[in-house]
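For reference, each letter of the sequence shown is one residue, going 1 to 329 in the UniProt record's numbering.
Built from N, CA and C at the ideal position, the CB exists for glycine as well.
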Amino acid sequence: MDSRLEELTAEQYVERQRELEIEAREAYPYKFDECTYSKGYLKQTLYACLTCQRKADSLNGVCYSCSISCHADHELVELFHKRHFQCDCGTSRTGHEPCAIRKTRDDRALENHYNHNFEGRFCSCDTFYDPEQESGIMFQCILCEDWFHDRCLEASNQGKSLPDSESFEWVVCKDCVLKYRDCLLNPQHELPYKKEELVAPHFFDEQFREHLCQCNSCVEIRKTQMPILIEDEPVYEQAEDSDMDEETNFEVEDARSLDDVVSSTMQDVLHVLDQLPRVQAIEGVHAYNRLKNELTEFLLPFARENKVVTKEDISNFFLERLNAGKNGG
Ligand SMILES: [Zn+2]
Ligand SMILES: [Zn+2]
Ligand SMILES: [Zn+2]
Ligand SMILES: [Zn+2]
Ligand SMILES: [Zn+2]
Ligand SMILES: [Zn+2]
Numbered sequence: 001m002d003s004r005l006e007e008l009t010a011e012q013y014v015e016r017q018r019e020l021e022i023e024a025r026e027a028y029p030y031k032f033d034e035c036t037y038s039k040g041y042l043k044q045t046l047y048a049c050l051t052c053q054r055k056a057d058s059l060n061g062v063c064y065s066c067s068i069s070c071h072a073d074h075e076l077v078e079l080f081h082k083r084h085f086q087c088d089c090g091t092s093r094t095g096h097e098p099c100a101i102r103k104t105r106d107d108r109a110l111e112n113h114y115n116h117n118f119e120g121r122f123c124s125c126d127t128f129y130d131p132e133q134e135s136g137i138m139f140q141c142i143l144c145e146d147w148f149h150d151r152c153l154e155a156s157n158q159g160k161s162l163p164d165s166e167s168f169e170w171v172v173c174k175d176c177v178l179k180y181r182d183c184l185l186n187p188q189h190e191l192p193y194k195k196e197e198l199v200a201p202h203f204f205d206e207q208f209r210e211h212l213c214q215c216n217s218c219v220e221i222r223k224t225q226m227p228i229l230i231e232d233e234p235v236y237e238q239a240e241d242s243d244m245d246e247e248t249n250f251e252v253e254d255a256r257s258l259d260d261v262v263s264s265t266m267q268d269v270l271h272v273l274d275q276l277p278r279v280q281a282i283e284g285v286h287a288y289n290r291l292k293n294e295l296t297e298f299l300l301p302f303a304r305e306n307k308v309v310t311k312e313d314i315s316n317f318f319l320e321r322l323n324a325g326k327n328g329g
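In structure tokens, the structure reads:
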């Protein structure tokens with residue numbers, strides 16, 4: 001182990017905690033302190049605030065930062081990615097209060113679209129998502145961006161079981177197969193199903209765009225109706241996410257200071273938290289704060305005794321906590 005840390009006295013350490021907190025926050029790929037409203041329409045992670053919905057009598061979707069900074073104690077539903085959406089926080093869709101980040105009230109975004117997910121309901125079965133109760137897997141249709149239970153997709157799959165989840169990358173729900181039929185033609189201009197009554201959800205691999213017809217008129221139709229069938233849509237927060245190396249989980253290269261080690265490690269932990277399927281962001285943030293406090297306690301004796309903290313120590317600390325967190329926490 002050559003990644004030695006600077007030795008710190010307890011006093012220096014505590015002093016650094018404040019800086020560290022700021023640094024770790026900054027290191028988080030999704031900053032909490034910037035509302036996306038001013039960036040206009042984006043494909044981004046959204047949360048529906050049911051509390052504000054009842055108050056304002058309007059559907060809403062708020063950005064990641066607003067879900068934490070403005071609606072943390074409200075009843076939130078995580079919607080994952082939705083395309084072409086401007087944050088509704090601080091507009092008439094969330095009530096009379098300004099956004100706590102922007103400190104302003106602004107015009108509501110007229111181009112936002114709302115489906116039943118914004119009321120907390122999902123899938124063709126139109127039921128509320130309850131993370132405590134839900135045991136199955138949910139898939140997001142890449143076209144309508146609704147979420148579907150595996151069992152419900154299977155029920156509409158013409159009696160066939162679902163393909164192995166390793167074998168496909170994208171799901172297009174049954175309704176979208178019908179609705180976007182002109183976008184899904186193959187080079188022979190055939191529909192992806194034979195008869196109307198045989199319409200089923202479609203499971204595409206990564207190369208599916210290459211199997212679609214590339215003639216001018218087909219490309220034009222896709223461009224206007226569903227551009228994601230031509231190329232990937234950038235997702236707002238993933239731009240910052242791409243720096244992180246998933247292969248080197250918990251590895252901290254050339255760490256020189258405690259700050260570096262902790263903030264890099266926190267970054268990895270947050271990344272892992274974020275990879276968990278449909279973890280509520282609020283739970284993620286609570287877990288983050290809990291881990292940070294525990295990390296502080298864990299490191300204090302090292303600092304007091306001027307002991308060297310290795311990256312192994314920190315990795316083990318987090319792995320233990322992550323595992324413990326799954327059984328209760
Ligand atoms: Zn916002
Ligand atoms: Zn709210
Ligand atoms: Zn806000
Ligand atoms: Zn369902
Ligand atoms: Zn769909
Ligand atoms: Zn064509």
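Residue i: CB within 8 angstroms of a non-hydrogen atom of ligand 6
i    : result
C123 : no
L198 : no
Heavy atom of ligand 4 within 8 angstroms of residue i beta-carbon
i    : result
C152 : yes
H84  : no
T127 : yes
For residue i, the three-state DSSP class (helix, strand or coil)
i    : result
T91  : coil
F317 : helix
N45  : According to the sequence displayed, residue 45 carries Thr and not Asn. Correct three-state label for T45: strand.
N327 : Since pLDDT at N327 reaches only 47, below the 50 mark, its modelled position is unreliable, and the value read off the structure follows with that caveat. Coil, per DSSP.
E111 : coil
Where residue i falls, given that 16 or more other Cβ within 10 Å makes a residue buried
i    : result
P187 : exposed
G90  : buried
T104 : exposed
T224 : exposed
G61  : buried
R151 : exposed
C183 : buried
L79  : buried
L110 : exposed
L198 : exposed
E312 : exposed
C125 : exposed
K82  : buried
The alpha helix (DSSP H) enclosing residue i, as first and last residue numbers
i    : result
T51  : L50 to A56
E154 : D150 to A155
V177 : K174 to K179
Q225 : N216 to Q225
C66  : Y64 to S69
Beta-carbon gap between residue i and residue j smaller than 9 angstroms
i    : j    : result
A48  : G95  : no
P163 : K43  : no
I64  : T45  : For clarity, residue 64 is Tyr in the given sequence; the question names Ile instead. The answer is yes: Cβ separation under 9 angstroms.
H202 : V177 : yes
Residue i: CB within 8 angstroms of a non-hydrogen atom of ligand 5
i    : result
V172 : yes
L79  : no
H143 : The question names His, but residue 143 in the sequence shown is Leu. Flag set: Cβ of L143 near ligand 5.
Proximity test, residue i beta-carbon vs ligand 1 heavy atom, cut-off 8 angstroms
i   : result
Y37 : yes
S65 : yes
Proximity test, residue i beta-carbon vs ligand 2 heavy atom, cut-off 8 angstroms
i   : result
H71 : yes
H74 : yes
C99 : no
Beta strand (DSSP E) segment containing residue i, residue limits
i    : result
F80  : L76 to F85
H202 : H202 to F204
Q188 : Segment: none, Q188 is in no beta strand (DSSP E) and carries neither H nor E.
F139 : M138 to Q140
Neighbour flag for residue i against chain B, beta carbons, 9 angstroms
i    : result
K103 : Note that chain B does not occur in the displayed structure, where there is just one protein chain.
beta-carbon residue i near ligand 3 non-hydrogen atom, thresh 8 angstroms
i    : result
S92  : no
R102 : yes
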